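Below you'll find the structure, written out as structure tokens, and then a few comments.
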Amino acid sequence: MHYLSTSKVSRRVASFGTALLKLAVTLLVLSAVVFFLTVAPSDPASRMLGPGATPAQVAAFHSEYGLGKPIVVEYFDWLGNVVQGDFGKAYITNEPVWSVIRPRLTRSLPLIALAWLLMAVFGVGLGLLAGLRGGRVDSFLTAGSVGLGAVPEFVAGTLLVTVFAVKLHWLPANSAQAGLVSSPFGAMSAYVLPAITIALVGTVHTMRLTRANARDVAGEAYVRAARLRGLSPARISFRHVLPNAAPPVVGSLALRLAGLFGGMVIAENVFGFPGLGQLLVDSAQAGDVPVVQAIVLITGAAYVIVNLLADGAVLVLTPRRRVSK
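For the sequence shown, the residue numbers in this note's numbering are 12 to 336.
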């Protein structure tokens, strides 16, 4: 049996500790950026209460929401509460911010998951098809990806509504139905068009990357040897080409989560989907700073953590990098 030496274990523990330290520092920097960029230059009390507010009303507003202190003190008070899971109270509803966000999050997460699944399945599948088949199939898919990649997300969403909702009547033009059910499966049709809109750009990039890596791997000697042994194209694709082309694609799919969150904001507002993206826009327009801070911090932290996990996945999937460690 093979046992890890004490030095190798120590190196791995040290590497894990370093990664956690970097994660903590990154999240701390992220929290500072989110807070100081979203703090309004004017007193929120004047906007929420109106110009006719009395000094007593302003003082009560400051006391209720922890305002009126030096900005650095406000930041550390806010950060201490966030670490405990308390994002404060929303200015508009006076409810805990988490109570406002939670139902939206339970709808946006399935939407993002569906979009990511579409991006992975179609991006990798079409990329393998283009890279291994070549010829007219490759030319057609490559030309199509160039055209789709040039279409902005809000234009793509409008076109999808026109075709699938207005002309074909297959799917609803408005996704507000998603807010009327407790489970995504109860209104899955309301998720389809927003998910396709969010996934479109990432699918194009994933297809191109998979195609390029598949073509490189397909030229390797062991793949040519597999063909000479008479292995089926499907077995060659999934046993020899895909595992060796996977590491950069896996990393790219993880990084594309950031693009999905950005696309989520656009798609949810195009389709009227009651998720985090729509809430973010509505809260920003209303000046509800605590809600905006919480949404941006949660999505930013998710992106940072997923990047860390993606690095670990690439390390596991790449033998040469494992050996070198």
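For every residue, glycine included, the Cβ atom is placed at its ideal position computed from N, Cα and C. For clarity, every value in this text was computed on a predicted model and none was experimentally measured.
Notebook entry, point to check: By the 10 Å Cβ neighbour count, where 16 or more other Cβ atoms means buried, how is R144 classified, buried or exposed?
Noted result: Within the sequence shown, residue 144 is the residue found at index 133, counting from 1. It is exposed - the Cβ of R144 has fewer than 16 other Cβ atoms within 10 Å.
Item checked: C-alpha distance - L48 paired with V292, whole-angstrom precision -> For the purposes of this step, residue 48 is identified with residue 37 of the sequence shown, where counting begins at 1. For the purposes of this step, residue 292 is identified with residue 281 of the sequence shown, where counting begins at 1. One C-alpha to the other measures close to 16 Å.
Checklist line | Complete runs of the alpha helix (DSSP H) confined to the stretch 40-94 [at least 4 residues] | finding: 55-60, 66-76, 82-94
Next item on the list: Identify which residue in G298, V252, Q304, D299 has its Cα closest to the Cα of G142.
Entry: Taking the first residue of the sequence shown as 1, we reach residue 142 at position 131. When each option's Cα is compared against that of G142, the closest is V252.
Margin query: Please list the terminal residues of the continuous alpha helix (DSSP H) segment that includes L191.
Written below: For the purposes of this step, residue 191 is taken as the residue at position 180 of the sequence shown. No alpha helix (DSSP H) holds L191; DSSP gives it neither H nor E.
Note to self: Runs of 3 residues minimum, wholly inside the stretch 145-184: which ones carry the beta strand (DSSP E) assignment?
What the structure shows: none
Check: What number of angstroms, rounded off, separates the C-alpha of A295 from the C-alpha of A201?
Finding: The sequence position of residue 295 within the sequence shown is 284, counting from 1. The sequence position of residue 201 within the sequence shown is 190, counting from 1. Approximately 25 Å, taken between the alpha carbons.
Checklist line | Per-residue DSSP class, three states only, for P107 | finding: For the purposes of this step, residue 107 is taken as the residue at position 96 of the sequence shown. Of the three classes helix, strand and coil, the one that applies to P107 here is strand, per DSSP.
Notebook entry, point to check: Tell me which same chain residues have a C-beta within less than 6 Å of the C-beta of G79, skipping the five on either side of it?
Noted result: Counting from 1 along the sequence shown, the entry for residue 79 is found at position 68. Excluding sequence neighbours, G79 sits near H73.
Item checked: Rounded separation between G323 and S263 - CA only -> Here residue 323 is taken as the residue at index 312 of the sequence shown, counted from 1. Here residue 263 is taken as the residue at index 252 of the sequence shown, counted from 1. Rounded to whole angstroms, G323 to S263 spans 13 Å at the Cα level.
Notebook entry, point to check: Could you give the distance in angstroms between the alpha-carbon of L129 and the alpha-carbon of A30?
Noted result: One-based indexing of the sequence shown puts residue 129 at position 118. One-based indexing of the sequence shown puts residue 30 at position 19. Each residue's alpha carbon lies about 30 Å from the other.
Notebook entry, point to check: Tell me which same chain residues have a C-beta within less than 8 Å of the C-beta of I123, skipping the five on either side of it?
Noted result: Here the question's residue 123 lines up with position 112 in the sequence shown. Within the same chain, I123 has close Cβ partners I209, L268, L271, F272, M275.
Check: Looking only at C-alpha atoms, which of M59, L120, A126 sits nearest to T104?
Finding: Residue 104 sits at position 93 when you count from the first residue of the sequence shown. Answer by Cα proximity: M59.
Notebook entry, point to check: The alpha helix (DSSP H) spanning M218 covers which residue range?
Noted result: Sequence index remark: in the sequence shown, residue 218 carries index 207 (1-based). Counting along the chain, the alpha helix (DSSP H) containing M218 begins and ends at 200-229.
Check: Is there contact between the stretch 254-261 and the stretch 219-232, where contact requires at least three CB pairs shorter than 8 Å?
Finding: yes
Notebook entry, point to check: Quick one: Cα of N92 to Cα of G158, how far?
Noted result: Working through the sequence shown from its first residue, we reach residue 92 at position 81. Working through the sequence shown from its first residue, we reach residue 158 at position 147. About 47 Å.
Check: How big is the Cα-Cα spacing for V148 and V203?
Finding: Along the sequence shown, one-based indexing puts residue 148 at 137. Along the sequence shown, one-based indexing puts residue 203 at 192. Distance between the alpha carbons of V148 and V203 is about 27 Å.
Check: Thinking just about the alpha-carbon of each residue, which of V174, P107, Y102 is nearest to the one in D299?
Finding: The sequence position of residue 299 within the sequence shown is 288, counting from 1. It is Y102.
Checklist line | Cα-Cα separation between L239 and L152, rounded to whole angstroms | finding: On the sequence shown, residue 239 is found 228 positions in, with the first residue counted as 1. On the sequence shown, residue 152 is found 141 positions in, with the first residue counted as 1. Distance between the alpha carbons of L239 and L152 is about 27 Å.
Margin query: Bridge partners for K100 per DSSP, in chain order?
Written below: For the purposes of this step, residue 100 is taken as the residue at position 89 of the sequence shown. DSSP, once it has assigned bridges, lists P107 as partnering K100.
Notebook entry, point to check: Distance, Cα to Cα, F165 vs G286?
Noted result: Here residue 165 is taken as the residue at index 154 of the sequence shown, counted from 1. Here residue 286 is taken as the residue at index 275 of the sequence shown, counted from 1. Looking at the two C-alpha atoms, the distance is approximately 17 Å.
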